[in-house]
Structures are given as structure tokens and as C-alpha cells.
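Taken in order, these protein sequences are the chains called A and B. Heads up: the first sequence begins at 1 in the numbering used here, then just goes up one per residue. Heads up: the second sequence begins at 289 in the numbering used here, then just goes up one per residue. Input: a single structure, listed below in C-alpha cells.
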Amino acid sequence: MVSPRPSLALALRHRLPLVASYGLVLLAVAIIGLPLLWMVLGSVKTNREIYTLPPPWLPAELRWQNFVEAWNAAPFDRFYLNTIITTLAGVGLELVNAVLTAYALAFLRFPKKNLVFVLLLAALMIPTQVTILPNYLTLSNVFGQSWINTYQGIVLPGAATAFGAFLLRQSFLGLPREVLDAAKVDGCGHLRLLWDVVLPMARPVLVTFGLISLVAKWNDYLWPLIVTNQDVMRTLTVGLTYLFDAEGNTDWGPIMAASIFVIVPLLVVYVWAQKYIIEGITAGATKG
Amino acid sequence: MPDDDHSAASAVARVRGVDEGALMLGGRTAALERQPLPRSVARPRVRSPRFWQSEWFLFLLFVTPNLLLFGVFSYWPMIQNAYLSLVRWNMIAPTKSWVGLANYAYLAGDRTFRLVIQNSLVFTLGAVGGSLVLGLATALLLNQKLRGRDAARAVLFAPTLLSGAAIGIVWVYVFDPRFGLLARFLGFINIPSPDWLGDPAWALPAVIIVYVWKNVGFATVIYLAGLQAIPRDLYEAARVDGAGVWWRFRSVTLPMLSPITFFLVVTALLNSFQAFDIIRVMTSGGPVDATNTLIYYVYQQGFIAFNAGRAAAGAMVLFVIMFAITLFQLRVGEERVHYG
Numbered sequence: 001m002v003s004p005r006p007s008l009a010l011a012l013r014h015r016l017p018l019v020a021s022y023g024l025v026l027l028a029v030a031i032i033g034l035p036l037l038w039m040v041l042g043s044v045k046t047n048r049e050i051y052t053l054p055p056p057w058l059p060a061e062l063r064w065q066n067f068v069e070a071w072n073a074a075p076f077d078r079f080y081l082n083t084i085i086t087t088l089a090g091v092g093l094e095l096v097n098a099v100l101t102a103y104a105l106a107f108l109r110f111p112k113k114n115l116v117f118v119l120l121l122a123a124l125m126i127p128t129q130v131t132i133l134p135n136y137l138t139l140s141n142v143f144g145q146s147w148i149n150t151y152q153g154i155v156l157p158g159a160a161t162a163f164g165a166f167l168l169r170q171s172f173l174g175l176p177r178e179v180l181d182a183a184k185v186d187g188c189g190h191l192r193l194l195w196d197v198v199l200p201m202a203r204p205v206l207v208t209f210g211l212i213s214l215v216a217k218w219n220d221y222l223w224p225l226i227v228t229n230q231d232v233m234r235t236l237t238v239g240l241t242y243l244f245d246a247e248g249n250t251d252w253g254p255i256m257a258a259s260i261f262v263i264v265p266l267l268v269v270y271v272w273a274q275k276y277i278i279e280g281i282t283a284g285a286t287k288g
Numbered sequence: 289m290p291d292d293d294h295s296a297a298s299a300v301a302r303v304r305g306v307d308e309g310a311l312m313l314g315g316r317t318a319a320l321e322r323q324p325l326p327r328s329v330a331r332p333r334v335r336s337p338r339f340w341q342s343e344w345f346l347f348l349l350f351v352t353p354n355l356l357l358f359g360v361f362s363y364w365p366m367i368q369n370a371y372l373s374l375v376r377w378n379m380i381a382p383t384k385s386w387v388g389l390a391n392y393a394y395l396a397g398d399r400t401f402r403l404v405i406q407n408s409l410v411f412t413l414g415a416v417g418g419s420l421v422l423g424l425a426t427a428l429l430l431n432q433k434l435r436g437r438d439a440a441r442a443v444l445f446a447p448t449l450l451s452g453a454a455i456g457i458v459w460v461y462v463f464d465p466r467f468g469l470l471a472r473f474l475g476f477i478n479i480p481s482p483d484w485l486g487d488p489a490w491a492l493p494a495v496i497i498v499y500v501w502k503n504v505g506f507a508t509v510i511y512l513a514g515l516q517a518i519p520r521d522l523y524e525a526a527r528v529d530g531a532g533v534w535w536r537f538r539s540v541t542l543p544m545l546s547p548i549t550f551f552l553v554v555t556a557l558l559n560s561f562q563a564f565d566i567i568r569v570m571t572s573g574g575p576v577d578a579t580n581t582l583i584y585y586v587y588q589q590g591f592i593a594f595n596a597g598r599a600a601a602g603a604m605v606l607f608v609i610m611f612a613i614t615l616f617q618l619r620v621g622e623e624r625v626h627y628g
């Protein structure tokens, strides 16, 4: 630098991109955040405030009554129970299937292993949406019984996983060889090897896959919509939209409150497990 | 059935899974399997005399539950769906009447279905293009030394994880032409708000906006990880060669990101063809089919009109499109894309 004191113009020119960057980041965050803020504000406004022109940004006072009204407008206690049961069962089954298949593919000898790979690949290529109609028919008559409006009906079609099997297999193969060999030398059978050695070491990827599965199950919409037709068996997402269909765009306060019922549990999980989720997803995409 | 398909995470699922599967088919075998160790040091390896104690048996035991579920809820429905596409059936009558390819012929000649295909293409182009371009832009922005960068990334990513059904409802309120958030902003600059969801010309752009809003954070996060993996000296070399900002972007950043772009394109394509909850909640395919896409059409024909044949034929079209995208990903992906 020739001049010991940079001129104002130079300083500005140097600073401007940085200022602009901060401005643009703020803009992006605002675009993503404002609709959610609008939801939160709407959930505590009175109907009169919501229907004032122009609508005020902030409510005069917080109307928590909207949450009470939303809770009473539909059996949200049942919706929560149903979603929690089907999510936990679905995640649990997916994890078990993923672990067992991955272990078999990684560590067990079998002559027709390639056939299993092909079958799993085929499963990956069949989108859920193409199977909804036949699956509905299958579940409406399971050995003479209807599984429509049942937990098993909601859970079972999504209980298998090819992605999980591939993801876990990959990480099982990356485990340190020496530890596995040592365990084998010690006479460790496959069940103990899986339970005492592989699973504890693979914990991070299990958590990541569990979280991905959890988010998918909690938010699942199309299948629960199709396989339930009674209020008491609906999940949160489906129950919310039926309430919305019924009350429509007239009662925004309680409707926004009800949307918060659905969103908040996952936001809590996100805040708590953000690192796992983002790292898991980027690792999946950028590795290789 | 694979994972729930409209979450970003499961998109990774689909593509990664396929990808790794392809590698494995190429003959890469497990490390332990390649050099099997004796069970115990003293005893040479002997296959157990009884089948139910053998490793084969354990293998079958481990993979059967997963494959059985796939058999019942993926492979078999696929076959059944192909069959249903060849019959006429109202889902109640005890008999189905065989109509051959009549359902496909109907779809080919139907004006609504042509509109559905057109909507799906427009929606997909808008959704994929929008989330990739904006995702790359925000990733470039966040790839600088800025305070609060991680917090911004966390906020941008959050909508990806939220329920499409709930988000759709929130956006109906945001889009309200008189009392919504957007109308409030447009009021500042004295532009009357369009009747977003009631006007056939605006409804499709509106659902595309919501899709991009919800999914752009996914592209941002993935692109950001990709940007951070580009070696610094490439930029230094380009700078020494006298490349300006734009040229460095063209000659270093974009080519180095191409595998990630490819991954994101495929993921977003597959995901957007399956976007259901947002459309069901916001417009139910309307007004006058302006937002009716393939997946919604399948649902509508099957579970509202009870026309199993047409629903199944529509589902076959959806399947063929998604299958073609996946094949494209497998075939072209590995060769054409520059890997850094």
C-alpha cells in the first residue's frame, strides 16, 4: 500500500461488498423467516385484527385462546398420539431392517448376494406414489380383515428401507478392521459382534439415519391420508388439513395455532440435533 | 416402499442408494468377506454342518424381513398397478372389465391430462431451476467469512424439515390477496396483489414459489459443502492467470461443483415430480386444473373419482418418467460429470 491512510472512497469500495453481503444474507433469512413469523403472529391475533385493512403487524395483546380453540376444534390429542406411535414404530422398524440388511451385506457370506442388491435397487426405483392404489387394496383385505384405519396399515408399507441398508452398509465397511478382527479372534459370534461391536461404533450414522427417517415419518402425508378415514386414526398432518378444509380461510388464528402444533415438535428436534442432520445430509451428497 | 418421498432427506436417500448400489454391483465386496478370517485361530474354517447354524442361514434371516416387506408393498403393487392400468374398475364392483390399452388411449387423447403433463413440466422446471439457482446464490453468499453464517444456514435449511401440509396452509394465509403477508408488502409499493390461488394464471407460480421457498435451503447446504471442498490453490492459479471474479466463477467454481449440481438436479427432479402435500393443501389441483400435476391426478382419479384404471395408468406414466430420470442418473452421471 502506497498511502498509509486509505481514503474514504477506497475504504468504502473495500467495505461495500461486505456490507452488501450482510444485506443479502439478511434478506435471504427474512424471506425464509417472515412467513413463519407471520404464522406465529397470526396465531395470537384476534379475528378482528386479522381482518383489518391493512392488517397490523403485531397484535394488541396475545390471544392464547386461539390455541385452546384449535385444540378443541379437532381431536388433536389423538392426532399427537397417532403420529407419535406411527412415527416411533416406523423409525424403529426402518432402523432394524436397515441394520440387519446392512450387516448381512457387509459381513455375511452368501452366494446370491448380488441378487439381493438388485432387489434393493429395484425397491429404490419404485416410488411410493405409484404403489398407493394397490397398497390400499391390499390393506383393505388382509386375510379377510381390513387394515384401513389401523396403525399397522399406516406403518407397514413404509417399514422397509433400501436407502438405510445401503447407507449403513457403507458405514459398517468403514469401521476399523482391527477391532472387528480382534472380536472375531476372541470367538465373538455374529450376533454379539453386531450388538456389542458394530452398533456402538456406528452410532453416529445410526442417529443420522434415525433422524432422517423421523422427519419423513412425522411429515408423511399422502399415505396416512389414504389409509385413514376416521377422525380418531388421523395423524397430525392429515388432521390439520381436514380442520383447514372445514374451517377454511376464515379462522386464521386457530388455523395458524394448529399449524404450530404440527411444526413445533420437529423444530425442537432440529434445534437439538441440527449438527447431525446437516452433517449427515451433506456427507451423503458430497462424499464419493 | 422407500422412505417418504417428499422430504429432502429421502431424496438423498434415493439418489445415494442407487449410486452406491451401482458401485456394489460392480463387484466391490466387503472387506471382511474378501479375506475371511478363521472363526478361531486354532480351528480351520469349516462350514457348519447344520444349515440353520450356518452363515447363509443368518444372512437370509437378516435380509428376509426387509425383502418381504418390499415384496408385499413395492414389487407386488408394481405388478398389480400395471394390471389395474389395463382394466376399467370403480374400486367397489366385484368384477373388473379388461379394456386393454384403453386407459392409456384415454390419457393420450384427454385435454385435462395434457394440461396435467404440461403443469408437471412447468412445476418441475420452476422448482428445480428456482431452488438450484437461488441455492447456489445463497451458498456463494454464505461461503464468505461472515458473522452469524452458521445461524443463517440453519434458518435457511429449516423449512426443508417442516411438514409440507402445515407449510402449505401457512402460505395460503401469506398469499391471501387482501389480508396476507404478501399483499401487505405489495401495498407498500401500491401494487394490488394478484388473487394468487384463485387465478389460474397465478396458481402454478404460487405453488412453485412455496416449493422453492421450502426446498432452497437443501440446495444451499449441499452447495455450501461443495464450495468449501474446492481447493484454494485453484483460485490462486486462476488469479495469477489474470482471471476476474466472473471468470474464476466460470472456470473454477462451476466445473468443480458440477457433480453436486448433477446430484441436486436429479434429487430435485425426482422430488418435485412427487410433490403432493403442498398442492393438495393449497389448491387441490385447481383452479380449473391449473395446478393439477401427475401425482395429484393419480390421487384424484383413484381416491376421488374412483377410477382405478385411469389412476393406475397415470401412475405408470409417473413411474416411467421417474425411472428414466434414475437411469439417466446412473448411466450419464458417472461419465459426463467432471469430478474434482
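Each residue gets a CB set at the ideal place from its N, CA and C atoms; glycine is no exception. Note that this is a predicted model, so its numbers are computed, not measured.
Entirely enclosed alpha helix (DSSP H) segments - the region 184 to 224 of chain A, minimum 4 residues = 203 to 219
Range of the contiguous alpha helix (DSSP H) that encloses Thr241 (chain A) | As a position in the first sequence, residue 241 (chain A) is number 241, starting the count at 1. Per DSSP, Thr241 (chain A) belongs to the alpha helix (DSSP H) from Leu236 to Glu247.
Where does Val495 (chain B) fall in DSSP's three states?
-> Against the second sequence, residue 495 (chain B) aligns to sequence position 207. Here Val495 (chain B) sits in helix by DSSP.
Flag Asp292 (chain B) as yes if its beta-carbon sits less than 9 Å from any beta-carbon of chain A, otherwise no.
-> By one-based count along the second sequence, residue 292 (chain B) stands at place 4. In this prediction, Asp292 (chain B) has a pLDDT of 39, which is less than 50 and means its spatial position is unreliable; nothing more can be read from the coordinates.
What is the C-beta distance between Asn119 (chain A) and Val227 (chain A), in whole angstroms, given that I count them as a contact (C-beta under 8 Å)?
-> For the purposes of this step, residue 119 (chain A) is identified with residue 119 of the first sequence, where counting begins at 1. For the purposes of this step, residue 227 (chain A) is identified with residue 227 of the first sequence, where counting begins at 1. According to the sequence shown, residue 119 (chain A) is Leu rather than Asn. Leu119 (chain A) to Val227 (chain A), Cβ: 25 Å. No contact.
According to a CB-to-CB cut-off of less than 8 Å, which residues of the region 360 to 377 of chain B neighbour chain A?
-> Val360, Phe361, Ser362, Tyr363, Trp364, Pro365, Met366, Gln368, Asn369 and Leu372
Round the Cβ separation of Arg520 (chain B) and Asn391 (chain B) to the nearest angstrom and send it over; I've been treating them as touching at under 8 Å.
-> Position 232 of the second sequence, counting from 1, holds the residue named residue 520 (chain B). Position 103 of the second sequence, counting from 1, holds the residue named residue 391 (chain B). Not really, about 58 Å apart at Cβ, beyond 8 Å.
Locate the alpha helix (DSSP H) running through Phe561 (chain B), then write down its first and last residues.
-> Residue 561 (chain B) sits at position 273 when you count from the first residue of the second sequence. It spans Leu542 to Phe561 - the alpha helix (DSSP H) in which Phe561 (chain B) sits, taken as one unbroken run.
Taking Cβ-Cβ distances below 7 Å as the criterion, which residues of the region 98 to 121 of chain A are in contact with chain B?
-> Leu100, Thr101, Tyr103, Ala104, Ala106, Phe107, Leu108, Arg109, Phe110, Asn114, Val116, Phe117, Leu119, Leu120 and Leu121
If we cut at 9 Å on Cβ distances, does Val2 (chain A) have a partner in chain B?
-> Along the first sequence, read from residue 1 onward, the residue named residue 2 (chain A) stands at position 2. For Val2 (chain A), the pLDDT reaches just 47, beneath the cut-off of 50, and the residue's location in the model is therefore unreliable, although a value from the coordinates is still provided. Output row for Val2 (chain A): interface = no.
Which of the three DSSP states, helix, strand or coil, is assigned to Val462 (chain B)?
-> Here residue 462 (chain B) refers to the residue found at position 174 when the second sequence is read from its first residue. It is helical.
Return the first residue and the last residue of the alpha helix (DSSP H) that Phe401 (chain B) is part of.
-> Counted from its first residue, the second sequence places residue 401 (chain B) at position 113. Run containing Phe401 (chain B): Arg399 to Leu430, per the alpha helix (DSSP H) assignment.
Chain-order list of residues whose beta-carbon lies under 6 Å from that of Val460 (chain B) (same chain, five-residue window excluded) | Counted from its first residue, the second sequence places residue 460 (chain B) at position 172. Met570, listed in sequence order.
Excluding sequence positions up to five away, which residues of its chain have a Cβ less than 7 Å from the Cβ of Pro157 (chain A)?
-> To locate residue 157 (chain A), count along the first sequence from 1; it is residue 157. Around Pro157 (chain A): Asn135 and Trp223.
What residue does the alpha helix (DSSP H) around Val142 (chain A) start on, and which one ends it?
-> Along the first sequence, one-based indexing puts residue 142 (chain A) at 142. Where Val142 (chain A) is concerned, there is no enclosing alpha helix (DSSP H), given that its DSSP letter is neither H nor E.
What is the DSSP secondary structure of Val19 (chain A), counted as helix, strand or coil?
-> The residue given as residue 19 (chain A) occupies position 19 in the first sequence. Val19 (chain A) falls in the helix class under three-state DSSP.
When the Cα atoms are used, what is the spatial distance from Tyr22 (chain A) to Phe244 (chain A)?
-> Here the question's residue 22 (chain A) lines up with position 22 in the first sequence. Here the question's residue 244 (chain A) lines up with position 244 in the first sequence. The alpha-carbon atoms of Tyr22 (chain A) and Phe244 (chain A) are separated by roughly 38 Å.
Cutoff 8 Å; reference Ile85 (chain A); Cβ partners in own chain excluding five residues on either side = Along the first sequence, one-based indexing puts residue 85 (chain A) at 85. Correct list, in chain order: Tyr151.
Using Cβ-Cβ distances below 8 Å, what residues of the region 69 to 97 of chain A are close to chain B?
-> Glu94, Val96 and Asn97
Can you give the Cα-Cα distance for Met610 (chain B) and Val458 (chain B), rounded to whole angstroms?
-> The sequence position of residue 610 (chain B) within the second sequence is 322, counting from 1. The sequence position of residue 458 (chain B) within the second sequence is 170, counting from 1. One C-alpha to the other measures close to 30 Å.
Which class does Trp147 (chain A) belong to by DSSP, given the choice of helix, strand or coil?
-> Position 147 of the first sequence, counted from the first residue, corresponds to residue 147 (chain A). Trp147 (chain A): coil per DSSP, three-state reduction.
Any contact of the region 479 to 498 of chain B with the region 557 to 576 of chain B, i.e. 3+ C-beta pairs under 8 Å?
-> Contact annotation: the region 479 to 498 of chain B touches the region 557 to 576 of chain B, with at least three C-beta pairs closer than 8 Å.
What's the call for Glu94 (chain A), buried or exposed, on a 16-neighbour Cβ count within 10 Å?
-> In the first sequence, residue 94 (chain A) corresponds to position 94, counting from 1. The residue is buried, with at least 16 neighbouring Cβ atoms inside 10 Å.
Give me the Cβ distance between Ala202 (chain A) and Ser171 (chain A), rounded to the nearest whole Å; I'm assuming they're in contact under 8 Å.
-> On the first sequence, residue 202 (chain A) is found 202 positions in, with the first residue counted as 1. On the first sequence, residue 171 (chain A) is found 171 positions in, with the first residue counted as 1. Right, the Cβ-Cβ distance comes to about 5 Å (below 8 Å), so this counts as a contact.
Any heavy atom of the ligand FMN within a distance shorter than 8 Å of the CB on Leu222 (chain A)?
-> Annotation note on the ligand FMN: not contained in the displayed structure, which lists no ligands.
Checking contacts by CB at 9 Å: is Ala593 (chain B) closer than that to chain A?
-> Sequence index remark: in the second sequence, residue 593 (chain B) carries index 305 (1-based). Not one chain A Cβ lies under 9 Å of Ala593 (chain B).
Beta carbon of Ile567 (chain B) nearer than 9 Å to that of Thr549 (chain B) = Residue 567 (chain B) sits at position 279 when you count from the first residue of the second sequence. Residue 549 (chain B) sits at position 261 when you count from the first residue of the second sequence. Contact: no.
For Val155 (chain A), three-class secondary structure by DSSP | As a position in the first sequence, residue 155 (chain A) is number 155, starting the count at 1. DSSP places Val155 (chain A) in helix when its eight states are reduced to three.
How should Asn72 (chain A) be labelled, buried or exposed, when 16 other C-beta atoms within 10 angstroms of its C-beta is the threshold for buried?
-> Start at 1 with the first residue of the first sequence, and residue 72 (chain A) comes out as number 72. That one is exposed.
Rounded to a whole number of angstroms, what is the C-alpha to C-alpha distance between Asp529 (chain B) and Leu434 (chain B)?
-> Within the second sequence, numbered from 1, the residue matching residue 529 (chain B) stands at position 241. Within the second sequence, numbered from 1, the residue matching residue 434 (chain B) stands at position 146. Cα-Cα distance, rounded: 28 Å.
Identify the contact partners of Glu343 (chain B) in chain A, using a Cβ-Cβ distance below 7 Å as the criterion.
-> On the second sequence, position 55 is the one that residue 343 (chain B) refers to. What Glu343 (chain B) touches in chain A: Leu108 and Arg109.
Using the DSSP secondary-structure output, state which residues sit across from Trp490 (chain B) in a beta bridge.
-> In the second sequence, residue 490 (chain B) corresponds to position 202, counting from 1. Trp490 (chain B) is not bridged to any residue.
Where Thr128 (chain A) falls: helix, strand or coil (DSSP) = Numbered from 1 along the first sequence, position 128 holds the residue referred to as residue 128 (chain A). Looking at Thr128 (chain A) - three-state DSSP - the assignment turns out to be helix.
Own chain residues within Cβ distance below 6 Å of Asn149 (chain A), not counting five before or after = Locating residue 149 (chain A) in the first sequence gives position 149, where the first residue counts as 1. The residues are Thr228, Gln230 and Met233.
Residues bridged to Trp386 (chain B) by DSSP?
-> Counted from its first residue, the second sequence places residue 386 (chain B) at position 98. In the DSSP output, where bridge partners are listed per residue, Trp386 (chain B) has B:Val375.
Keeping to the same chain, check which residues put their C-beta closer than 6 Å to that of Leu225 (chain A); ignore five residues upstream and five downstream.
-> The sequence position of residue 225 (chain A) within the first sequence is 225, counting from 1. Only Val238 meet the Cβ criterion.
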